[in-house]
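**Q**
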Amino acid sequence: MDKFLYLISEGGKNIWRHKMTSFTAVFSLFIALFFVGILITAGENTHKVLQYLRSKYKIEVFFKQDVSNEEAVGLIHRIKKIKGVRTATIIEKEDAVRIFKDQFGEDITEILGYNPLPVSAVINLTRTSRTAITVGPIIKAIRSLERIEEVRYQGNLIGKIEQNYKRIIDRFPYLAGIIIFIAVLIIYNTIKLSVYSRRDLIRSLQLIGATRLFIKMPFIIEGMLIGLISSILVYPSLIGVVKGINYVFAHFTSWDVTLIFNPLVWIWILILVIVITLVGSYRAASSFLK
Amino acid sequence: MIEFQNVTYTHQKGYGLNNLNLSIDEGEFTFLIGPTGSGKTTLMRLIYFDLIPDAGIVNVNGFSSSKMTRRKIPKARKSIGMVFQDYKLLPDRDLFENVALPLHVLGFSSREIPDRVEESLELVGLTGKNNHFPNELSGGEQQRACLARAIIKEPDVLLTDEPTGNLDPIASFELVRLLESIHETGTTILMASHNYNLIKGRGRPILELKDGLIRGR
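Residue numbers (the working numbering), protein chains in the order written: chain A, 189 to 478; chain B, -14 to 202.
(1) Find the nearest neighbour of K246(A) within the set G432(A), K207(A), V323(A), judged by alpha-carbon distance.
(2) Whose CA, out of E410(A), R471(A), F402(A), lies closest to the CA of D190(A)?
(3) I need the straight-line Cα distance from A230(A) to I326(A), nearest angstrom please.
(4) If you draw a straight line from the C-alpha of I321(A) to the C-alpha of G365(A), how long is it?
(5) Does any C-beta atom of chain A lie closer than 8 Å to the C-beta of H89(B)?
(6) F14(B) lies in the beta strand (DSSP E); which residues open and close that run?
(7) Could you check whether F93(B) and A61(B) sit closer than 8 Å to each other, using their CB atoms as the reference points?
(8) Nearest-angstrom Cα distance between N352(A) and Q239(A)?
(9) Following the continuous alpha helix (DSSP H) through K404(A), name the residue where it begins and the one where it ends.
(10) Rounded to whole angstroms, what's the CA-CA distance from I196(A) to L152(B)? Just pull it up for me.
(11) Please report the straight-line C-alpha distance between I58(B) and E126(B), rounded to a whole angstrom.
(12) At the 8 Å Cβ level, is L389(A) part of the contact set with chain B, yes or no?
(13) Buried or exposed: where does Y194(A) fall if 16 or more other Cβ atoms within 10 Å of its Cβ makes it buried?
(14) Around the C-beta of D100(B), are 16 or more other C-beta atoms found within 10 angstroms, so that it is buried, or is it exposed?
(15) Taking the alpha-carbon of F251(A) as reference, which of N202(A), N233(A), K269(A), A284(A) has the nearest alpha-carbon?
(16) Within this structure, are the beta carbons of A130(B) and L143(B) separated by less than 8 Å?
(17) What's the gap between the Cα of V310(A) and the Cα of I267(A)?
(18) With a cut-off of 8 Å on the beta carbons, I'd call G171(B) and G12(B) a contact; round off their distance for me.
(19) What residue does the alpha helix (DSSP H) around E479(A) start on, and which one ends it?
(20) Among G272(A), T277(A), L466(A), which one has its Cα closest to the Cα of R315(A)?
(21) When the cut-off is 8 Å and only beta carbons count, does S392(A) lie next to chain B?
(22) Going by C-alpha distance, which of W454(A), I396(A), V436(A), N450(A) is nearest G187(A)?
(23) Which residues of chain B have a Cβ atom closer than 7 Å to the Cβ of T399(A), listed in chain order?
(24) Out of I299(A), A398(A), L426(A), S385(A), which one is the CA nearest neighbour of I228(A)?
(25) Which residue wins for smallest C-alpha separation from A177(B), given the options N4(B), Q(-10)(B), M29(B), G1(B)?
(26) Tell me which residue opens and which closes the beta strand (DSSP E) that Q(-10)(B) is part of.
(27) Run through DSSP, which three-state label would V43(B) get?
(28) In chain A, what lies closer than 8 Å to G92(B) by C-beta?
(29) Select from K328(A), I349(A), R355(A), L458(A) the residue whose C-alpha is nearest the C-alpha of L421(A).
(30) What are the boundary residues of the beta strand (DSSP E) that Y341(A) is part of?
(31) Kindly indicate which three-state DSSP category L395(A) falls into: helix, strand or coil?
(32) With burial defined as no fewer than 16 other Cβ atoms inside 10 Å of the residue's Cβ, what is the status of S256(A): buried or exposed?
(33) What does the alpha-carbon distance come out to for the pair V372(A) and G428(A)?
(34) Under 6 Å Cβ to Cβ from A40(B), same chain only, skipping five residues before and after it: list those, please.
(35) Suppose you measure from the CA of L413(A) to the CA of K354(A); what does that come to, to the nearest Å?
(36) Using a C-beta cutoff of 8 Å, does D146(B) count as contacting chain A?
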């Protein structure tokens, strides 16, 4: 037990003994993880912007003239069941007259002597989908219902927005893969260099009869602690950067960047860093042990 | 205690030991002398299994090179103390930590360690220097620190490879005296040196190594 505690404490002490090396390692790891954090934040905020734009998507469905308000309610229920539809709000004939009056200042029933405006519905689409929405099938499904006179929507605009989003999300895994790969390489090599700078220590320990595990253990603990410190530093730094960006943004727009704290993501990153530093230290120390 | 049977070891550059036979009994204090490049360090490295012979067998304290595995080497080294010309003290640790290191390797409890370190440092005359780092010690003190680290685990065999190589004559003489006092406790000692004047007339066996062979005893 004493031996185990000694090895654990040596791992911690090594960080203090080799302040400069440890600082370099923490800094390199921090930079690598910071970029991963920036990538996650950028991804989350892209989706937030998209959600806002999607909330503006509007499909207007006009029913045939002879469709009553009650009939329209039944049809709207069927529209709501179409995949991709979030809400469908009925605009009754009387509401249509009021809207007309608001927009044109005239009461159409007084002019014509009857209400020519049909019952309609305003449909909003799902906002949270992580995949691009294709509006075509939704329109097709609505049109396939009987007693529909006309469907109006911003097809061109929705298509462009969703196409661009698709372009981003298609490339996102590759970009994330490259950044994480670079981060792993940086972490791995930093740990290796840190161990390499102490190869004489490894040699001396070997000569006094230390086992391979005895030699490796402090390096592993040290590597894991460096990984832990770097990971812990990343989140407050991201908060700082996001606050800075929002401060600048406040001068131009009401938009702000949100730093979403998803514990699961950060736990995975922490586990990944600890595993890399553990494997990196283990392999680096092994390579200097004959 | 230490036995070489027809041992041959050749380094990549060609030099080494050539069909060497040697036997050192338990409790013996033997000097190993020879010019630079004669194979003294190779012989030492073979004893602590840092090298495995190309041919022949090295037996040390019950461990044989013919049955040596990577896993067994640390076990074999636990009964061997080593003192090097370049000290090999860890520069990032103070004297106490350097000397205590073998005890941690052996799994001594943290309560036992301070007393044993004190004893060891007292024996080599470094009492009160516990908190000094190697770069704060003189060459002679560093070599004595290295000796303290070697003897703290009470090894059966003590190997000293050119321990006086970096020391002035007085410090060299004191170190040999110190080794002789350690030998009186029953430790088998092999000291390699190229300084014949330092070891002659001490009534100890002297092995002369030249071109990888024992030329005289």
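Using N, Cα and C, we set each Cβ at its ideal position, and we do this for glycine too.
**A** Quick look at the numbers:
(1) Proximity to K246(A) across G432(A), K207(A), V323(A) peaks at V323(A), based on C-alpha coordinates.
(2) The candidate whose alpha carbon is nearest that of D190(A) is F402(A).
(3) 30 Å
(4) 25 Å
(5) yes
(6) 14 to 18
(7) no
(8) 14 Å
(9) 400 to 437
(10) 37 Å
(11) Straight-line spacing of the CA atoms in I58(B) and E126(B) works out to 29 Å.
(12) yes
(13) buried
(14) exposed
(15) Closest by alpha carbon: A284(A).
(16) no
(17) 11 Å
(18) 5 Å
(19) The requested residue 479(A) does not occur in the structure, where chain A is confined to residues 189 to 478.
(20) G272(A)
(21) So yes, S392(A) belongs to the interface.
(22) Past the edges of chain A, shown from 189 to 478, lies residue 187(A), and the structure says nothing about it.
(23) P59
(24) L426(A)
(25) Out of N4(B), Q(-10)(B), M29(B), G1(B), M29(B) has the C-alpha closest to the C-alpha of A177(B).
(26) Residues -13 to -5.
(27) Strand, per DSSP.
(28) D190, K191
(29) L458(A)
(30) 336 to 341
(31) helix
(32) exposed
(33) 24 Å
(34) T(-7)
(35) A direct Cα-Cα distance of roughly 39 Å separates L413(A) from K354(A).
(36) no
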